[in-house]
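Residue numbers (my numbering): 1172 to 1459. Just so you know, even glycine gets a beta-carbon here, dropped at the ideal spot from N, CA and C. The structure displayed is predicted, hence computed values, not measured ones. One structure below.
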Ligand code: C5P
């Protein structure tokens, strides 16, 4: 396949403004209801047609072989379309791993969108979103415009207009957590019953209810999470909750207050969006 040039794309993290677990399914997954938001903590992916496949990463910890979700995405695209292009891919990693921020899923979605754009493959976003679900439950979300109400195992994506404008602080100071392990620990009988649509409504009327049903299970596996949360609360953060399946923690910004924790990943983040024709880009707000 003939194509020229490179494509450099942002690959943003996601946060779950709320994450409610509905129940366990026969296929082993859990049905959930969650408001996903893309934020301006971004990896960068550069895709270039090449003679051989090659992936290089700024993070030496990242496995670069076939198990990497970027190759899962590229191989899926090649299998579905029959287009046989080889790619050299450079990944600049900024999103912490095993943090519950969807970094791997975002990289996969970005690779899928990018290879299609690079080759002028003509596959539309709805189709790419459906293919993304074959890679992982969080991948389809990234084909929204940046905010979506997601159900099923996460792959049923209801796109929403931008409705949430807060700044958050994301903190990762603890070892990573494995998503399947956190789900295995979950005690469904202990979860509060809530009507997910009414939680979504709380965001629409600007009285947001932030929570994550995976928090108790994650804190059992990593008790220091409770200490970290209390520490953030003692600094004045009112809304503090677990990111995805952990192990990072999110707090809504206290205006005018900046902070750091020595030796920890601490970042202030804002929402980020994409246009229907393009991929994610920093806006003037993100650049402030
Ligand atoms: O879909 P993904 O590969 O990201 O999921 C990783 C693991 O997380 C699954 O194998 C499952 O154990 C758990 N999971 C779940 N319910 C979901 C999403 C993930 O139980 N909705």
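- Of the residues assessed, residue 1297 falls on the exposed side of the cut-off, its CB having fewer than 16 other CB atoms within 10 angstroms.
- Residue 1400: member of the alpha helix (DSSP H) spanning 1395 to 1405, first to last residue.
- Beyond the five residues adjoining it in sequence on each side, residue 1196 comes within less than 7 Å, by CB distance, of 1202 in the same chain, given in chain order.
- In this structure, ligand 1 has no non-hydrogen atom nearer than 7 Å to the beta-carbon of residue 1373.
- DSSP places residue 1390 inside the alpha helix (DSSP H), whose first and last residues are 1386 to 1392.
- Counting along the chain, no alpha helix (DSSP H) covers residue 1334, and no H or E run does either.
- Relative to ligand 1, the beta carbon of residue 1367 is positioned no closer than 7 Å to any heavy atom.
- Between the C-alpha atoms of residue 1211 and residue 1453 there is a straight-line separation of about 7 Å.
- Taken through DSSP and simplified to helix, strand or coil, residue 1359 comes out as helix.
- Around the CB of residue 1222, fewer than 16 other CB atoms lie within 10 Å, so the residue is classed as exposed.
- Contact between the region 1349 to 1356 and the region 1224 to 1235 is absent, with fewer than three C-beta pairs closer than 8 Å.
- As a beta-bridge residue in DSSP terms, residue 1210 pairs with 1184 and 1442.
- Out of 1376, 1214, 1191 and 1424, the CA that lies nearest to the CA of residue 1184 is found in 1214.
- Contact between the region 1179 to 1194 and the region 1373 to 1385 is present: 3 or more CB-CB pairs across the two stretches fall below 8 Å.
- Ligand 1 never approaches residue 1379 closely enough for any of its heavy atoms to be under 7 Å from the residue's Cβ.
- In this chain, residue 1419 is not harboured by any alpha helix (DSSP H), its DSSP state being neither H nor E.
- Taking 8 Å as the cut-off, the Cβ atoms of residue 1451 and residue 1271 do not count as close.
- Note on geometry: alpha-carbon atoms of residue 1336 and residue 1424 lie some 11 Å from one another.
- Secondary structure at residue 1189: strand, using DSSP grouped into helix, strand and coil.
- Here residue 1194 carries a strand assignment [DSSP, helix/strand/coil].
- The nearest non-hydrogen atom of ligand 1 is less than 7 Å from the C-beta of residue 1350.
- Per the coordinates, the alpha-carbon of residue 1309 lies some 11 Å from the alpha-carbon of residue 1322.
- Across the structure, residue 1334 and residue 1373 are spaced so that their CA atoms are roughly 11 Å apart.
- Taking C-beta atoms as the reference points, residue 1444 and residue 1204 fail to come closer than 8 Å.
- Under the DSSP definition of a beta bridge, residue 1202 partners with 1194.
- Between residue 1235 and residue 1449, the alpha-carbon positions lie close to 27 Å from each other.
- For residue 1241, no beta strand (DSSP E) encloses it; the enclosing alpha helix (DSSP H) starts and ends at 1240 to 1252.
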